């Protein structure tokens with residue numbers, strides 16, 4: 161039970177909840193819920209592991225990951241109707257999962273001794289590709305690319321913060337906690353207070 | 161010519177036919193037909209092989225697979241106009257291909273000594289990802305996630321049936337045949353008699 | 161600095177420009193530009209490297225690739241408003257990138273001693289999957305599958321031309337140049353003069 165494995169497992173559970181919520185918007189059956197939940201839950205980590213050419217993809221080595229995601233799907237199938245707002249819940253679950261998955265990706269890449277650019281990318285990929293697959297497969301506008309919100313930026317800043325923290329404090333666990341904190345703070349700030357970066361505005365009037 | 165290789169080849173041909181039919185709905189040219197046919201035909205097996213980190217993806221080791229898919233595409237390009245209903249034909253070809261691809265995936269995972277959860281997932285992935293890629297790329301609603309039909313469920317039940325048969329009869333070929341039979345029976349029952357699982361219905365009135 | 165690496169780097173830069181232009185159509189922020197640019201730039205080569213099971217995906221081995229793509233994204237973010245027609249520019253950048261990426265894929269597969277069918281497919285995959293990912297993620301109609309244009313055909317013909325040139329002249333660099341030339345000529349001819357292959361026309365009247 162390394163810290164990275166715990167992060168992977170928590171992000172699997174929470175991303176699975178978010179995937180099942182999207183499945184409920186598409187009115188799928190229980191097996192459909194499990195499928196979308198698993199795709200969302202392991203998508204990012206799978207992309208990471210395949211690209212880094214790890215010997216075994218994390219959930220193939222630990223199939224209980226799939227069980228975890230399936231439990232989350234069943235839970236949502238039978239309780240989602242109790243939620244006040246499914247979309248609001250989806251946004252916050254997704255934000256929390258992002259804040260756990262980014263440090264999971266950063267941790268794996270650090271553990272393999274990858275250069276810093278790859279560490280940052282693996283943090284972003286682990287955090288963002290599960291949700292991206294979920295939204296592309298279910299034909300929703302990808303949250304990742306939703307205009308006027310911090311999402312990729314939150315992941316990017318979180319991964320950079322991890323490197324900074326590691327450089328200053330030389331402790332991986334601290335660095336991963338900083339990463340999670342920064343990612344969640346930025347994403348939550350965007351959801352609550354509308355924080356955003358300026359977007360490309362097309363052709364402005366020329367001076 | 162192992163049984164799994166024969167299954168892979170048959171599913172490649174039939175999935176390629178289904179991919180070419182979708183290409184015909186998008187009015188592509190012959191090379192477009194071949195592209196979509198190949199993507200559909202090898203998509204599921206490629207995802208399986210990459211995730212299981214096999215030394216060589218099955219069609220890289222046996223390029224005649226690509227030739228098989230291309231022949232199917234050419235066949236459809238020149239004869240699809242003879243079909244009474246292209247969509248109906250697509251559904252049945254896809255059902256048949258699913259029933260062949262699921263045991264192909266199960267067989268590969270069994271041959272690698274994977275735990276049962278991974279065997280089931282690889283059966284489902286091999287069966288479902290080719291069609292999913294086809295539909296996402298061609299911008300169709302994914303058959304895999306079509307509401308009120310057994311598709312993922314058929315694949316899931318087929319893979320479980322393979323494990324049960326293997327446990328009882330200790331013979332892989334029998335297990336793969338049982339897998340194909342169960343998958344096809346459920347999918348065909350869904351297409352012919354409307355068999356389905358209950359879908360998520362949104363917020364019901366509270367008691 | 162092998163010829164293949166130079167090709168990869170040039171195609172990364174130009175595909176990144178095209179990705180950033182699509183991001184500008186979706187009005188993303190700067191980090192969104194970088195994300196779509198990187199996805200487009202390395203998508204095709206990543207699919208190639210993962211399927212061929214190379215020890216290291218090309219941009220993990222050379223992270224400056226990511227820097228190159230990011231620079232392209234920043235460039236477009238601040239200058240795209242100066243373009244007369246962003247869509248026209250996108251089409252031509254994409255054509256140029258295709259003509260560089262196809263020989264990059266061919267070169268990698270040749271270098272690994274792959275059979276000719278795999279060489280052709282890797283040329284096409286390297287050329288086409290980056291743009292396909294870009295368009296699927298940004299919810300555009302994939303350029304790759306646009307009806308009545310040579311795109312896949314240009315990539316296919318270019319890859320075949322490389323094999324022919326290699327067979328006649330026994331020189332890899334020449335073969336890759338021929339590949340780039342044929343691919344670009346066909347794609348450009350399609351954009352300028354409407355060259356195309358006959359498309360599937362649905363049910364014609366029966367004789």
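Chains as they are written, first to last, in my numbering: chain Y, 161 to 367; chain A, 161 to 367; chain R, 161 to 367.
Heads up, the beta-carbon is just placed ideally off N, CA and C, and yes, glycines get one too.
Just so we're clear, the structure is a prediction, and the values are computed from it rather than from any experiment.
Inset, instruction - Classify residue 301 of chain R as helix, strand or coil using the three-state DSSP reduction. - result: Taking the third chain and counting its residues from 1, the one referred to as residue 301 of chain R is at position 141. Residue 301 of chain R falls in the coil class under three-state DSSP.
Legend entry - Where residue 331 of chain Y sits in the DSSP three-state scheme: Working through the first chain from its first residue, we reach residue 331 of chain Y at position 171. Three-state result, residue 331 of chain Y: coil.
Legend entry - Closer than 7 Å at the beta carbon, the chain A residues around residue 327 of chain R: Along the third chain, one-based indexing puts residue 327 of chain R at 167. In chain order: nothing, as chain A lies at least about 17 Å away.
Inset, instruction - Evaluate residue 254 of chain Y with the Cβ neighbour count: other Cβ atoms within 10 Å of its Cβ, from every protein chain shown; 16 or more gives buried, anything less gives exposed. - result: Locating residue 254 of chain Y in the first chain gives position 94, counting from the first residue. Its Cβ being crowded by 16 or more others within 10 Å, residue 254 of chain Y is buried.
Inset, instruction - For the segment 258-282 of chain A, enumerate the residues whose C-beta is nearer than 7 Å to any C-beta of chain Y, in chain order. - result: 275, 277, 278 and 281
Legend entry - Residue from R/317, R/192, R/354 and R/358 whose Cα sits closest to the Cα of residue 282 of chain R: Along the third chain, read from residue 1 onward, the residue named residue 282 of chain R stands at position 122. For residue 282 of chain R, the nearest C-alpha among the options comes from R/317.
Inset, instruction - Per DSSP, which residues does residue 359 of chain Y bridge with? Please list them. - result: Along the first chain, one-based indexing puts residue 359 of chain Y at 199. Looking at the DSSP assignment, residue 359 of chain Y forms a beta bridge with R/189.
Legend entry - C-alpha distance - residue 381 of chain A paired with residue 342 of chain A, whole-angstrom precision: Limits of chain A in this structure are 161 at one end and 367 at the other, which puts residue 381 of chain A out of reach.
Inset, instruction - Round the Cβ separation of residue 296 of chain R and residue 296 of chain A to the nearest angstrom and send it over; I've been treating them as touching at under 8 Å. - result: Against the third chain, residue 296 of chain R aligns to sequence position 136. Against the second chain, residue 296 of chain A aligns to sequence position 136. Indeed, because the Cβ distance is near 6 Å, the residues count as touching under 8 Å.
Legend entry - CB-CB length for residue 335 of chain A against residue 322 of chain A, believed under 8 Å: If you number the second chain from 1, residue 335 of chain A lands on position 175. If you number the second chain from 1, residue 322 of chain A lands on position 162. Contact holds; Cβ gap of about 5 Å.
Legend entry - Delimiting residues of the alpha helix (DSSP H) encompassing residue 223 of chain Y: Taking the first chain and counting its residues from 1, the one referred to as residue 223 of chain Y is at position 63. First-last for residue 223 of chain Y: undefined, no H or E at that position.
Legend entry - Within 8 Å of chain R by C-beta, residues of the segment 164-191 of chain A in sequence order: 183, 184, 186, 187, 188, 189, 190 and 191
Inset, instruction - Tell me whether residue 328 of chain A is buried or exposed, calling it buried when 16 or more other Cβ atoms sit within 10 Å of its Cβ. - result: Along the second chain, read from residue 1 onward, the residue named residue 328 of chain A stands at position 168. It is exposed - the Cβ of residue 328 of chain A has fewer than 16 other Cβ atoms within 10 Å.
Legend entry - Cβ-Cβ distance between residue 171 of chain Y and residue 200 of chain Y below 8 Å: Counted from its first residue, the first chain places residue 171 of chain Y at position 11. Counted from its first residue, the first chain places residue 200 of chain Y at position 40. Result no, Cβ atoms of residue 171 of chain Y and residue 200 of chain Y do not sit closer than 8 Å.
Legend entry - Sub-8 Å separation of residue 188 of chain Y and residue 359 of chain A beta-carbons: Mapped onto the first chain, residue 188 of chain Y falls at position 28. Mapped onto the second chain, residue 359 of chain A falls at position 199. Yes, the Cβ-Cβ distance between residue 188 of chain Y and residue 359 of chain A is below 8 Å.
Inset, instruction - Flag this pair as yes or no: are the beta carbons of residue 262 of chain R and residue 228 of chain R separated by less than 8 Å? - result: Along the third chain, read from residue 1 onward, the residue named residue 262 of chain R stands at position 102. Along the third chain, read from residue 1 onward, the residue named residue 228 of chain R stands at position 68. The Cβ-Cβ distance between residue 262 of chain R and residue 228 of chain R does not fall below 8 Å.
Inset, instruction - Please compile the residues from chain B whose C-beta is within a distance smaller than 9 Å of the C-beta of residue 210 of chain A. - result: Among the protein chains in the structure shown, which are Y, A and R, there is no chain B.
Inset, instruction - Give the interface partners of residue 369 of chain Y over in chain R, defined as CB-CB distance under 9 Å, in chain order. - result: With chain Y covering 161 to 367 only, the question about residue 369 of chain Y has no answer from this structure.
Legend entry - Closer than 8 Å to chain Y by CB, residue 247 of chain A: Stepping through the second chain from its first residue, residue 247 of chain A is reached at position 87. By this cut-off, residue 247 of chain A is not an interface position.
Legend entry - Short CB-CB distance (under 8 Å) between residue 313 of chain Y and chain R: Counting from one through the first chain, the residue named residue 313 of chain Y turns up at place 153. In terms of beta-carbon proximity, residue 313 of chain Y lines the interface with chain R, with at least one pair separated by less than 8 Å.
Legend entry - Positions along the segment 318-350 of chain R whose CB lies within less than 7 Å of some CB in chain A: none
Legend entry - Within-8 Å CB hit, residue 220 of chain R to chain A: The residue labelled residue 220 of chain R in the question sits at position 60 within the third chain. Cβ-Cβ to chain A under 8 Å: no for residue 220 of chain R.
Inset, instruction - Closer than 7 Å by C-beta to residue 347 of chain R: which residues in its own chain qualify, once you throw out the five before and the five after it? Chain order, please. - result: Along the third chain, read from residue 1 onward, the residue named residue 347 of chain R stands at position 187. Same-chain partners within the cutoff: 255, 258, 259, 310, 311 and 314.
Inset, instruction - List the residues of chain Y whose Cβ lies closer than 9 Å to the Cβ of residue 202 of chain A, in chain order. - result: As a first step, residue 202 of chain A must be located in the second chain, where it is residue number 42. Residues of chain Y passing the Cβ test: none, with the nearest at roughly 16 Å.
Legend entry - Option nearest residue 288 of chain A by Cα separation, candidates A/278, A/299, A/279 and A/303: The count along the second chain starts at 1 and reaches residue 288 of chain A at position 128. Nearest C-alpha to residue 288 of chain A: A/303.
Inset, instruction - Report yes if the CB atom of residue 204 of chain R is closer than 8 Å to the CB atom of residue 271 of chain R, and no otherwise. - result: Taking the third chain and counting its residues from 1, one reaches residue 204 of chain R at position 44. Taking the third chain and counting its residues from 1, one reaches residue 271 of chain R at position 111. No. Outside cutoff.
Inset, instruction - For residue 238 of chain R, count neighbouring Cβ atoms within 10 angstroms of its own Cβ and tell me buried if that reaches 16, exposed if not. - result: If you number the third chain from 1, residue 238 of chain R lands on position 78. Exposed, by the Cβ-count rule.
Legend entry - Selection of the segment 289-306 of chain R by Cβ proximity to chain Y, strictly under 9 Å: 296, 297, 298 and 299
Inset, instruction - Could you have a look at residue 171 of chain R and say whether DSSP puts it in helix, strand or coil? - result: Residue 171 of chain R sits at position 11 when you count from the first residue of the third chain. Three-state result, residue 171 of chain R: helix.
Legend entry - Given residue 235 of chain Y as reference, the closest of Y/166, Y/251 and Y/191 once Cα atoms are compared: One-based indexing of the first chain puts residue 235 of chain Y at position 75. Measuring from the Cα of residue 235 of chain Y, the nearest candidate turns out to be Y/191.
Legend entry - Coarse secondary structure for residue 310 of chain A, derived from DSSP in three states: Here residue 310 of chain A is taken as the residue at index 150 of the second chain, counted from 1. Of the three classes helix, strand and coil, the one that applies to residue 310 of chain A here is coil, per DSSP.
Legend entry - Residue nearest to residue 197 of chain Y in terms of C-alpha spacing, selected from Y/168, Y/330 and Y/173: Here residue 197 of chain Y refers to the residue found at position 37 of the first chain. Cα-wise, what sits closest to residue 197 of chain Y is Y/173.
Legend entry - Three-state class that DSSP yields for residue 287 of chain Y in the structure shown: Along the first chain, one-based indexing puts residue 287 of chain Y at 127. Note: residue 287 of chain Y maps to helix in three-state DSSP.
Legend entry - Span of the alpha helix (DSSP H), counted from its first residue to its last, around residue 263 of chain R: Translated into positions along the third chain, residue 263 of chain R becomes position 103. Residue 263 of chain R -> alpha helix (DSSP H) spans 246-271.
Inset, instruction - Indicate the three-state DSSP secondary structure (helix, strand or coil) for residue 212 of chain Y in the structure shown. - result: The residue you call residue 212 of chain Y lines up with position 52 of the first chain. In this structure, residue 212 of chain Y counts as coil in the three-state DSSP scheme.
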